[in-house]
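Visitor: Structure in structure tokens, see below.
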Amino acid sequence: MRRYYFPIFHNGETQADDVGELFGSAELAAQYGARVARDIASDPDYDRASGTVVVVVDGSGAEIARHGVEGRAEAAEVSD
1 MRRYYFPIFH NGETQADDVG ELFGSAELAA QYGARVARDI ASDPDYDRAS
51 GTVVVVVDGS GAEIARHGVE GRAEAAEVSD
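In the UniProt record's numbering, the protein residues as written are 1 to 80.
Quick look at the structure:
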């Protein structure tokens with residue numbers, strides 16, 4: 001198992017991840033990073049214009065993956 005880190009870039013600022021998580025492969029860590037991005041996007045208070053990105057970094061500091069946070073799709077009424 002190797003440790004991977006998931007810093008988050010939001011509104012031009014970085015939220016560092018000093019703890020990280022253990023995963024058996026870089027692929028599993030990248031999947032977790034994608035899940036974190038989806039979780040952020042599902043927050044009803046998430047600002048879609050913030051340009052939030054979840055980065056996956058291995059223990060040596062190499063970037064493994066980068067996941068842009070897609071804003072929640074809002075339902076819109078369509079008139080005929």
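For glycine and all other residues, C-beta sits at the position ideal for the given N, C-alpha and C. Since the structure is predicted, the reported quantities are computational estimates derived from the model, not experimental observations.
1. For the beta strand (DSSP E) containing Glu-13, list its first residue and its last residue.
2. In angstroms, rounded to a whole number, what distance separates the CA positions of Val-27 and Ala-65?
3. Go ahead and pull the three-state DSSP assignment for Asp-39.
4. Between the alpha carbons of Ala-76 and Leu-22, how many angstroms are there, rounded?
5. Could you compute how far the alpha carbon of Glu-13 sits from the alpha carbon of Val-69?
Guide: Inspection of the coordinates gives the following:
1. 13 to 15
2. It is Glu, not Val, that sits at residue 27 in the sequence shown. Their Cα atoms are separated by approximately 9 Å.
3. helix
4. At Ala-76, the pLDDT of 34 sits below 50, so the modelled position is not reliable and the matter cannot be decided from this model.
5. 15 Å
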